[in-house]
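Okay, so the sequence shown: first residue is 1 according to the UniProt record's numbering, each after it adds one.
Notes for the one structure printed next.
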Amino acid sequence: MPEMLTLTEAAAKRIGLIAEKQGKPAILRLSVEGGGCSGFQYKFDLADSPEADDTMSETDGVKLVVDPVSLDLVAGSVVDFVESLGGAAFKVENPNAAAGCGCGSSFGI
Numbered sequence: 001m002p003e004m005l006t007l008t009e010a011a012a013k014r015i016g017l018i019a020e021k022q023g024k025p026a027i028l029r030l031s032v033e034g035g036g037c038s039g040f041q042y043k044f045d046l047a048d049s050p051e052a053d054d055t056m057s058e059t060d061g062v063k064l065v066v067d068p069v070s071l072d073l074v075a076g077s078v079v080d081f082v083e084s085l086g087g088a089a090f091k092v093e094n095p096n097a098a099a100g101c102g103c104g105s106s107f108g109i
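And the structure:
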């Protein structure tokens, strides 16, 4: 069975640094909300702990958690952290997205 979610080493490293600065566990919650220019948008938060029904992936001791409703929209995705001339951001490579926007933070199914 293929992994439901993948967290890259670059993303895990960045989450670890952010969590350490904020004194929180290294747990990134990815969720999907309605809105954005393509219909849905990604939301990232540091979580204190996983919920009982979360799907979880772990890379280098850093956890990525997703709730069941959001999982339907992001299953098979890779969460990466990219730095470029335009700035630095978390990026979701979502195989379920049929459309996206230029900023990369919203998508359509």
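For every residue, glycine included, the Cβ atom is placed at its ideal position computed from N, Cα and C.
With contacts defined as CB atoms closer than 7 Å, MET4 and THR55 qualify as a contacting pair.
Taking ALA98 as reference, the option from LYS63, GLU33, PHE40, PHE81 with the minimal CA-CA separation is PHE40.
When the beta-carbon positions are compared, PHE81 and ALA10 come within less than 7 Å of each other. When the five nearest sequence neighbours on each side are left out, the beta carbons in the same chain lying within less than 7 Å of the beta carbon of ARG14 are those of PHE81, in order along the chain.
When the five nearest sequence neighbours on each side are left out, the beta carbons in the same chain lying within less than 8 Å of the beta carbon of THR8 are those of THR59, VAL78, VAL79, ASP80, PHE81, in order along the chain. GLU93 is bridged by DSSP to VAL78.
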